[in-house]
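Top line first, the protein sequences correspond to chains A and B.
Residues 1 to 209 in the UniProt record's numbering are what the first sequence spells out, letter by letter.
Residues 1 to 209 in the UniProt record's numbering are what the second sequence spells out, letter by letter.
Yeah, the Cβ is synthetic: ideal placement off N, Cα and C, and Gly gets one too.
Number of protein chains: 2
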Amino acid sequence: MSNLETNQVTQQARGPVGREGVLDVAARLFREQGYGSVSLRKIAQVAGIKAGSIYYHFGSKDEIVLSILDTGIMAVHDEMRLAVSSQASDASAEVILRAAITAHLRALLDVSDYSSANVRIFGQVPQSVRDANLPTRRSYEAEWDSLLARLKANGALKQDVDVRHLRLMLIGALNATLEWFDPKRGSVEALAKNYADVFVHGILEKQDN
Amino acid sequence: MSNLETNQVTQQARGPVGREGVLDVAARLFREQGYGSVSLRKIAQVAGIKAGSIYYHFGSKDEIVLSILDTGIMAVHDEMRLAVSSQASDASAEVILRAAITAHLRALLDVSDYSSANVRIFGQVPQSVRDANLPTRRSYEAEWDSLLARLKANGALKQDVDVRHLRLMLIGALNATLEWFDPKRGSVEALAKNYADVFVHGILEKQDN
DNA sequence: CACGCAACCTAACAAGTGTTAGTTATGTAC
DNA sequence: GTACATAACTAACACTTGTTAGGTTGCGTG
């Protein structure tokens, strides 16, 4: 039987898998395959343990997925807040906005399986899990709202844009990249620049006729 | 037993449910609850029949969901193509683009459970179903690409925009509205205008300093 | 060397899944 | 009234799911 060898492909035989190990594997699988088709047995197998053992670290599957959702948002939130706050105090609205957009995309596409898993599976998890994740989510949304409101108060943004609306549009558009972005076809930075260009200046040629 | 009455709540006792009836119910449930948590038994119960009876009309669950995915895209495609082709031949690029955006959003948020179900569950269905749905999907994407390429050739679009990239960005942003749009807070038309405004002109105040 | 704890395993449970085969009721055509 | 197709029902199948209870292993501490 090659069954023994097959197991060793995914199992590295180093120290304990632990709570973090399970979370890492689960986040990756959720991102790749969605919530519904990733069972505890699948997570356990990839992590190199047995399904029942997961209950040593977690009380339920919901607890796992909620933990992933929360840390996923916090990762993006941190990345974005840091990028904005590290701008020079006299930075222009455009520069700040570009930094925020780039940070969000980087967290999503580069840094964290947790962030991408969040975007992918949020709409698939049980309502109770979604509700439990809402506060963390609202906190990140508030960060964007406060940034956009500041830029609007400065007069940098057009005065007829609705901040909440713009935030939904921005984050929605950025998150959608997860569905098709391929690092082999271009860098995250180039993608971010592209998106920022559209949001900042639009796509129509300036009319000079 | 009130079991008989309970059944009658969802069952209207009119003629046969039929293939179309099953599809309508399935599309609605998929849109509302996602793919994974909608079983054949749930579909059957809401439709007012028993689970096994579904196999009179369909060969498998995959066949149901694929049918929904296909008609979902075709509905948006038709709506968008009609909106564009019914524009005056001297219509400006901006007007045409606004019509296309509005049509896509209307199909998604107003018209069809199939369209919204498609967007919601595409990422959750088995790979084989996704593959089978791809041709229909590509056809719609090609429609957008050809429209955008035309506008770019006219010189209406900035010459440095990548058509494929812009299409992905546009459709991604529009589809994301499904996740939060609430008809009680505003009309689809107002939403479409908002989105078109951003894409066309951007959000930054024109600099006159 | 014994103890204790952390981290895991084994084996089973009840519930739910898609699917199938065989059966039944209802109408329509000849 | 017989024949046939339509549209459903019933009951079971093999399987997967999250979850639980109790047992086992190995390692560090006293």
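Please say whether I96 (chain B) and V84 (chain B) have beta carbons closer to each other than 8 Å?
The beta carbons of V84 (chain B) and I96 (chain B) sit closer together than 8 Å.
Count the CB pairs spanning the segment 97–117 of chain A and the segment 181–192 of chain A that are closer than 8 Å, and state whether there are at least three.
Result yes; three or more Cβ-Cβ pairs closer than 8 Å.
Looking at C-alpha atoms only, which residue of B:R98, B:V38, B:D113, B:M80 is the closest neighbour of I68 (chain B)?
For I68 (chain B), the nearest C-alpha among the options comes from B:D113.
Give the residues from the segment 175–188 of chain A that approach chain B closer than 8 Å (Cβ to any Cβ), ordered along the chain.
Residues passing the 8 Å Cβ filter: N175, A176, T177, E179, W180.
Alpha helix (DSSP H) runs contained entirely in the segment 88–143 of chain A, provided each spans 4 or more residues:
Taken in chain order, the complete alpha helix (DSSP H) segments of 4 residues or longer contained in the segment 88–143 of chain A are 93–106, 113–121.
When the Cα of E179 (chain B) is compared with those of B:V125, B:G202, B:I121, which residue comes out closest?
Considering only alpha carbons, the answer is B:I121.
Please report the straight-line C-alpha distance between residue 210 (chain B) and G34 (chain B), rounded to a whole angstrom.
No answer is possible for residue 210 (chain B): it lies beyond the span of chain B, which begins at 1 and ends at 209.
Within the 8 Å Cβ cut-off, does L23 (chain A) reach chain B?
No, no contact with chain B.
With V161 (chain B) as the anchor, note down where its alpha helix (DSSP H) starts and where it stops.
In the DSSP assignment, V161 (chain B) falls outside any alpha helix (DSSP H) and carries neither an H nor an E.
Going by beta carbon distance, what residues of the same chain come within less than 8 Å of L4 (chain A), once the five residues before and after it are set aside?
Caution is warranted here: a pLDDT of 29 is assigned to L4 (chain A), below 50, making its placement in the model unreliable, and no coordinate value can be reported.
Counting pairs of Cβ atoms below 8 Å between the segment 146–156 of chain A and the segment 49–69 of chain B, do you hit three or more?
When C-beta atoms of the segment 146–156 of chain A are compared with those of the segment 49–69 of chain B, fewer than three pairs fall below 8 Å, so the two segments do not count as touching.
Could you check if Q12 (chain A) is buried or exposed, using at least 16 other CB atoms within 10 Å of its CB as the buried criterion?
Here the model assigns Q12 (chain A) a pLDDT of 43, short of 50, so the residue's position is not dependable, and the following value carries that caveat. Within a 10 Å sphere around the beta-carbon of Q12 (chain A) sit fewer than 16 other beta-carbons, which makes this residue exposed.
Measuring straight from C-alpha to C-alpha, what distance separates A173 (chain A) and E143 (chain B)?
Roughly 20 Å between the two C-alpha positions.
Give me the Cα-Cα distance between L157 (chain B) and V200 (chain B), rounded to the nearest whole angstrom.
Taking the straight line from one Cα to the other gives about 9 Å.
Among all the DSSP beta bridges, which residues are the ones paired with L157 (chain B)?
In the DSSP secondary-structure assignment, L157 (chain B) is bridged to A:L204.
Chain-ordered residues of the segment 78–94 of chain A with a beta carbon less than 8 Å from chain B:
Taking 8 Å as the Cβ-Cβ cut-off, the segment 78–94 of chain A approaches chain B at A93, E94, given in chain order.
On the criterion of 16 or more Cβ atoms from any shown chain inside 10 Å, does S116 (chain B) qualify as buried, or is it exposed?
Buried.
Of the residues that make up the segment 150–164 of chain B, which ones have a beta carbon closer than 7 Å to any beta carbon in chain A?
Hits within the stretch, in order: G155, A156, L157, K158, V161.
Mind checking whether Q124 (chain B) and G36 (chain A) have CB atoms under 8 Å apart?
With contacts defined by Cβ atoms closer than 8 Å, Q124 (chain B) and G36 (chain A) form a contacting pair.
For the segment 28–40 of chain A, enumerate the residues whose C-beta is nearer than 8 Å to any C-beta of chain B, in chain order.
Those would be G34, Y35, G36, S37, in chain order.
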